[in-house]
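Protein chains in written order, with the UniProt record's numbering: chain A, 1 to 120; chain B, 1 to 120; chain C, 1 to 120; chain D, 1 to 415; chain E, 1 to 415; chain F, 1 to 415.
See structure below.
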Amino acid sequence: MDQPIFKVEIITRPGKFEALKEALNELGVMGMTVTNVMGCGVQKGQPANYRGVPYTPSLLPKIKVETVISEVPVEAVIDVAKKVLRTGEIGDGKIFVYPVSNVIRIRNGDEGVTALDNQP
Amino acid sequence: MDQPIFKVEIITRPGKFEALKEALNELGVMGMTVTNVMGCGVQKGQPANYRGVPYTPSLLPKIKVETVISEVPVEAVIDVAKKVLRTGEIGDGKIFVYPVSNVIRIRNGDEGVTALDNQP
Amino acid sequence: MDQPIFKVEIITRPGKFEALKEALNELGVMGMTVTNVMGCGVQKGQPANYRGVPYTPSLLPKIKVETVISEVPVEAVIDVAKKVLRTGEIGDGKIFVYPVSNVIRIRNGDEGVTALDNQP
Amino acid sequence: MIDYSALDTLWVLLAAGLVFFMQAGFAMVEAGFTRAKNAGNIIMKNLMDFTVGSLIYWILGFSLMFGVSNAGLIGGVNFLSTGLYEHLGLTIPKEAFLIFQTVFCATAATIVSGAMAERTKFKSYLLYSFVISAVIYPIAGHWIWGGGWLGELGFHDFAGSTVVHSLGGWAALTGAWILGPRLGKYGKDGSIHPIKGHNLTLGALGVFILWFGWFGFNGGSTLEADAVSMAHIFVTTNLAASMGAVMAMTISWTRYGKPDVSITLNGALAGLVGITAGTDIVSPLGAACIGAIAGLTVVLAIELLDQKLKVDDPVGAVSVHGICGAVGTIAVGIFATEGGLLYGGGAQLLLVQLTGVAAIALWTFATTFVLFKAIDLTIGLRVNSEEEVLGLDLKEHGTESYADFEPKVLLDTIQ
Amino acid sequence: MIDYSALDTLWVLLAAGLVFFMQAGFAMVEAGFTRAKNAGNIIMKNLMDFTVGSLIYWILGFSLMFGVSNAGLIGGVNFLSTGLYEHLGLTIPKEAFLIFQTVFCATAATIVSGAMAERTKFKSYLLYSFVISAVIYPIAGHWIWGGGWLGELGFHDFAGSTVVHSLGGWAALTGAWILGPRLGKYGKDGSIHPIKGHNLTLGALGVFILWFGWFGFNGGSTLEADAVSMAHIFVTTNLAASMGAVMAMTISWTRYGKPDVSITLNGALAGLVGITAGTDIVSPLGAACIGAIAGLTVVLAIELLDQKLKVDDPVGAVSVHGICGAVGTIAVGIFATEGGLLYGGGAQLLLVQLTGVAAIALWTFATTFVLFKAIDLTIGLRVNSEEEVLGLDLKEHGTESYADFEPKVLLDTIQ
Amino acid sequence: MIDYSALDTLWVLLAAGLVFFMQAGFAMVEAGFTRAKNAGNIIMKNLMDFTVGSLIYWILGFSLMFGVSNAGLIGGVNFLSTGLYEHLGLTIPKEAFLIFQTVFCATAATIVSGAMAERTKFKSYLLYSFVISAVIYPIAGHWIWGGGWLGELGFHDFAGSTVVHSLGGWAALTGAWILGPRLGKYGKDGSIHPIKGHNLTLGALGVFILWFGWFGFNGGSTLEADAVSMAHIFVTTNLAASMGAVMAMTISWTRYGKPDVSITLNGALAGLVGITAGTDIVSPLGAACIGAIAGLTVVLAIELLDQKLKVDDPVGAVSVHGICGAVGTIAVGIFATEGGLLYGGGAQLLLVQLTGVAAIALWTFATTFVLFKAIDLTIGLRVNSEEEVLGLDLKEHGTESYADFEPKVLLDTIQ
Ligand SMILES: Nc1ncnc2c1ncn2[C@@H]1O[C@H](COP(=O)(O)OP(=O)(O)O)[C@@H](O)[C@H]1O
Ligand SMILES: Nc1ncnc2c1ncn2[C@@H]1O[C@H](COP(=O)(O)OP(=O)(O)O)[C@@H](O)[C@H]1O
Ligand SMILES: Nc1ncnc2c1ncn2[C@@H]1O[C@H](COP(=O)(O)OP(=O)(O)O)[C@@H](O)[C@H]1O
């Protein structure tokens, strides 16, 4: 476990996942986990109307894509994500990078960087 | 990136989000991401009954609110969360704090603490 | 907060949670949070057919079980998870371990390892 | 017995079947327009007001409504509907008439459940439902259809814009007002937080079912299979409903910037409620006008109630049934081809119509006010706030209606 | 041909339409009371037992049921229903009678799908469905309605509490019992894990549709538009159903602490099934009593089956149709205003009713036991456990019923 | 006026009620087979094409269809359907005929909404719907049913396989083709990405409702309560639908490895559409054959359109209504027991049937092409891509149909 492991967490617009996935796959990042989330940040919900009553939703639907990487450099993932996801409009989202202490593959008990190798 | 960045993860009762959000906003924390989760801890599900058969649910619905902060001190966020969310009853939930290695804003490529600044 | 705290995040097949929970409970791990996620990795979706058109889903439903621990050793949790979840087939999932900076119980303000103690 | 018309009977029975089916429509509309966490409770309320109502109307209500009149005020009591009821001079068997009237009674009763949805104690709802079907509706019904004073006056409420819909609507208003709004509906600062319905497709299905059933509701009220009048009623019913929807859509589009789905659905119902009183005696054009008026009225009424009066009626029952029922009944005085203001009939009929509307409104407000207050002071009318937040399905019935779907917890339980 | 009554024919055809619509009711009840991952499969089973049944009943079954009787046991074979069937002495065209009987046959067949839901191979279900509609139901039907020995005995099963509902219910029991419970339903330690239905509003809609259709089911069985009897049937049908719901609600409230929604819905159906045999010859009060008995019975029967016998019947089909069908048929011997025990008719009719119930139960258990065992030993009756866990929609049909909604994965696939 | 048959009128009105109810069926099928984010829009389109169509057909369309014929091409204009229409020689009141024809018109109009679902501007749909109900359908209807040239030729389209279903289907094809496929449906590399329907149980309910309503659609087209022909129509309708479902299931099983639920549901509808033209004059066996042909055709047609022609028709409306309507009409020339090819009637009828099918196809393609192009060039036919991605409910109506459920965001908005 000499090589540091990171989790890159990308929060962005729904509907962008397919493109992101393809781009990350090209980089060699094969494993990822996606979750539906609701978020607020700079982007605000658009005023709407329910049976005549105006309101503004305070949260917007987003997706959270998490990928744990080690051999692929964090910068490369970030660059790809920025390229694919940037529209320049508010709401493009954020990327958070976290340290990871260890990784284990349940199927065969592989630990650390090897566990991230996605050859079956 | 001299200033440390943290993720504060708050797991609490559903239905408390609006109040928490307002309190955090007052503190200057504007960005957050919310997820539906199911949890178990000290609090247990209440015995119920389906077509005459008694059972006890093993998981309870909770929300997870994640906010990544740097300039606002972690303690301030924790204090606010405790104030808003505490009922004193089992099931109020827990707060976990994690180190964050980096933050990037996709829209313009801002990194680190600046990326957390929510002025468009 | 002398004792290190870790979050163990287990991503595995849906339908395995009850077994995992029981095994972890036996170990003394009582608190956990579960989320529905979609994932891709070594395992690929099976080719299917919609109104005559063949397609292959790119993401598979998984569950993410998170448990923050300190007194129970990380290895013990990993071993239990491996024992309960391993089928040897692709798709068993992965375990990620993260460092945790702090834990707070909202109900009474307990901090650190004490906050993880699940006696009411 | 030999003289009954099999054809008339068949039509009345089929119409009764159609009106029964409207219960499904009400259940779907009300469930669809409220939250998922209370859907089972809504179902249960709709089912039980029909079943309890069917029983008590048979046991008591029918006689209060159709028994020999005492001074035009109330029918003579007769338990289990066992009397002969020959004074009614029916061409159909008494039992055919009984079942047809039973499903009408249940319609009046069920209107209330939508307006009081998501916060009423189930037990208390049962009690309310028992009383309205046993006494409140039958007495009002007697006045108009049972040989009572309003009928004698010449009040024209063919299939019940007033006696069924307005009565139900006013009871709904009293109930919703005494109950108070759902938690979180109105902010302390006067702000209004919309609480969305959980299943628009189901709600729409309910509207289609109601419309389908309404052909029986209005058509069957002929009590005989008369070719010309049945056909006329089908046409006027359909035109008024269509116009109601078109109008409500247009108004919502103009006022709120987009054609609103749930308001348009309400508009169709408003047209149906509006035409019910005069479906037999207004022209197709008159029906379209009444539909348009109802479609306009319902949008403004919903706004008024929800935003000005702050009476929280999740499905718009008061506006659709109460207000449009009244408006439709009054419109008979204007559009009736015989006796209507526009057809040179003068104000005579109009005044009678106004009298009837007012009388039923007064009767309903007075009796249901006493009823709901009495319930409130004894067993309580409203669930506590924990029950309301977690949902009536869980707390009142120990169930969840959609066990396999992930709820949007965040929105679902915001207070 | 000139002599057919257009009115009678119209009524029978409309009733057939209503009974057809009950298929939608069954589909919604069964889908609603089971899990989302099997909803498409339930739909498919309901659709296919109707379509396959319609075809084979036309090709063969109708003649076995209504052909000239061979010793009171079976009708004479005649393919494609092309015979004249003049011995039936109908006042309506043969084709009207055929379609009415077809939809009845499909009702009997479809009852089984609910009890065997969530674990039966689709192929095997198709095969079962073919055989019951081709042979098992028509022969039993012949005994009672086709000029067979039970009819001759004086057995009274007006619209089929026994021949349709009990028969379906007993077949369901045999099937569910041979199949075994769904994975995870019963723990090794004897514990019971409830598996919740996924869509209570849809289930409730199904119940309303069934009730609506039942007016045709019972009413149409007159086979003629007789004013008095049609009206009487509408009243007794409605009262029994109402009483069934009220009773089941009350019992569930007493026993389980809360008024249970799905059990109350079952109670309404139990009342309907119970009254079906005697709807024409019990009084309204008798109907209410039968409804009450059925409503009580269904709750206890569900408990018995689920908790004591551990037969896993996800929708309660065995209790509702099998047991309440039998109870309702027997009740005719008690409540029939002519010949019933309570009306001084002695035990004669009661004994005949008991004989009929027993005969049909035996016939059904015997034939369906052989049928399901034969299927099990050849193509297999049950899907494998992976298919069951992932759901029949995915594995048997390659589909998912709710593609845009996030499932509660956790609960959905617990074993 | 004295001479109207009350029985005939009752039947036609009840049939009109059933056909009206088909609107609910269409709404549920179309909503169920498309995505959750557009469900409210589908509802709204179905509701508004019925309401707008009802009004404009009453105001104008009815007269163009049934007014005194001008050279067999078009009926004489008469606003608000106020004429006497004595030349029709009806045994039922004009208003009964009007409402029956109104619901037919609405059926033709509503077929289109499914094919153009999930990407059409609401405003533009309203406009289309107005024109088809005011002019396009009435003129075609005149040719066949209103005393026009096709009817004179001997073209047999009993209840409208061609004039209602094919016409609707061809309009749907033109619309879907001009609109282009939904975003993400077809990849640049020619790949096809299935876009799943969001609610299969609702879709199935819709199919059952349609089938139920079809008994009125076909049966009521007798315009009189004739015992023999009504009964015959019920039988042939039911057999064709059953066979259509069985066939489509079998073909999908063979071709795609599993019995497909949504295709089987389409198969039942295909059988119904197919039999509509000849339901009165083909034998039960002929009906089963037509059902089988339709069931086979629909699967191949869906494949052809979706995979070869890449016309994106989310619910299969073109295949079910357009193609199977045409096939069923042509089949009359083969299976008609009088005049059909197989019954020794030669090719005469077959040629007439082909002519009629071709004429209506040409008329519809031509008029709807102009209509949709005109709309496209003025107010625009299609929403922009942001609106399409976020859903029409949100952008066109400011609503969400399932506010309490967590959507599968990932799948829901993939482009
Ligand atoms: N500080 C934060 N902590 C956690 N999540 C955040 C934070 N800031 C933003 N997010 C998430 O990222 C999403 C997009 O952020 P937003 O600020 O709206 O867009 P942008 O960065 O493009 O201006 C938010 O909806 C929220 O889910
Ligand atoms: N050790 C843990 N790891 C992860 N999540 C936990 C842990 N302990 C508690 N949780 C989450 O916090 C929620 C509330 O915790 P609980 O112990 O029930 O309440 P309280 O802390 O108020 O007594 C749980 O439902 C679970 O989701
Ligand atoms: N590098 C990764 N980062 C984040 N999540 C991952 C990663 N690799 C795998 N996963 C998650 O774990 C799940 C199972 O992994 P997979 O590789 O398919 O199985 P296995 O490890 O058993 O071969 C995936 O569906 C995905 O959700």
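Think of the CB as a built atom: it goes at the ideal place given N, C-alpha and C, for glycine as much as any other residue.
Residue i to residue j span [Cα, whole Å]
{"i": "Gly345 of chain D", "j": "Gly333 of chain D", "result": "9 angstroms"}
{"i": "His87 of chain E", "j": "Gly151 of chain E", "result": "15 angstroms"}
{"i": "Ala227 of chain F", "j": "Ala24 of chain F", "result": "28 angstroms"}
{"i": "Asn25 of chain A", "j": "Gly39 of chain C", "result": "13 angstroms"}
{"i": "Pro99 of chain B", "j": "Lys196 of chain D", "result": "39 angstroms"}
{"i": "Ser5 of chain F", "j": "Ile144 of chain F", "result": "25 angstroms"}
Three-way DSSP call (helix, strand, coil) for residue i in this model
{"i": "Val370 of chain E", "result": "helix"}
{"i": "Gly31 of chain A", "result": "coil"}
{"i": "Lys62 of chain C", "result": "strand"}
{"i": "Gly187 of chain E", "result": "coil"}
{"i": "Tyr4 of chain E", "result": "coil"}
{"i": "Ala117 of chain E", "result": "coil"}
{"i": "Asn49 of chain C", "result": "strand"}
{"i": "Ser69 of chain E", "result": "strand"}
{"i": "Pro284 of chain F", "result": "helix"}
{"i": "Ile111 of chain F", "result": "helix"}
Contacting residues, own chain, Cβ-Cβ under 7 angstroms from residue i (five flanking each side not counted)
{"i": "Thr413 of chain D", "result": "The predicted position of Thr413 of chain D is uncertain, since its pLDDT is 43 and thus under 50; a value taken from the coordinates is nonetheless stated next. Taken in chain order, the residues that qualify are Val389."}
{"i": "Asp260 of chain E", "result": "Ser252"}
{"i": "residue 421 of chain D", "result": "This structure does not reach residue 421 of chain D, given that chain D is present from 1 up to 415, and the question cannot be answered."}
{"i": "Thr9 of chain E", "result": "Ile92, Pro93 and Ala96"}
{"i": "Gly148 of chain D", "result": "Ser69, Gly72, Leu73 and His142"}
{"i": "Gly325 of chain E", "result": "Ser161, Thr162, His165, Ser166, Gly169 and Val273"}
Amino acids of chain C, ordered along the chain, whose beta-carbon sits closer than 9 angstroms to that of residue i
{"i": "Asp306 of chain F", "result": "Arg51, Gly52 and Val53"}
Bridge-paired residues (DSSP) for residue i
{"i": "Phe405 of chain F", "result": "D:Pro407"}
{"i": "Arg255 of chain E", "result": "Paired residue(s): none; Arg255 of chain E is not in a bridge."}
{"i": "Met38 of chain C", "result": "A:Val34 and C:Pro61"}
{"i": "Lys94 of chain C", "result": "A:Arg105 and C:Ile11"}
{"i": "Ile379 of chain D", "result": "In DSSP, Ile379 of chain D forms no bridge with anything."}
Within chain D, partners of residue i - CB distance below 8 angstroms
{"i": "Trp211 of chain F", "result": "Those do not exist, as Trp211 of chain F stays about 15 angstroms from chain D at its closest Cβ, beyond 8 angstroms."}
Partner residues on chain C for residue i, Cβ-Cβ distance less than 7 angstroms
{"i": "Asp92 of chain B", "result": "Ile106 and Arg107"}
6 angstroms CB neighbourhood of residue i in its chain, flanking five on each side removed
{"i": "Lys188 of chain E", "result": "none"}
Residues that residue i contacts on chain C, provided the C-beta gap is smaller than 8 angstroms
{"i": "Lys196 of chain F", "result": "Tyr50"}
Interface partners of residue i on chain B, CB under 7 angstroms
{"i": "Leu59 of chain A", "result": "Val34"}
8 angstroms Cβ cut-off: residues of chain B touching residue i
{"i": "Ile69 of chain A", "result": "Here the premise fails: no neighbours, minimum Cβ distance about 12 angstroms."}
Closer than 7 angstroms at the beta carbon, the chain A residues around residue i
{"i": "Thr56 of chain C", "result": "Within chain A, no residue comes near Thr56 of chain C; the closest Cβ sits about 13 angstroms away, beyond 7 angstroms."}
Proximal chain A residues relative to residue i, where beta-carbon distance stays under 9 angstroms
{"i": "Glu406 of chain F", "result": "Asn36"}
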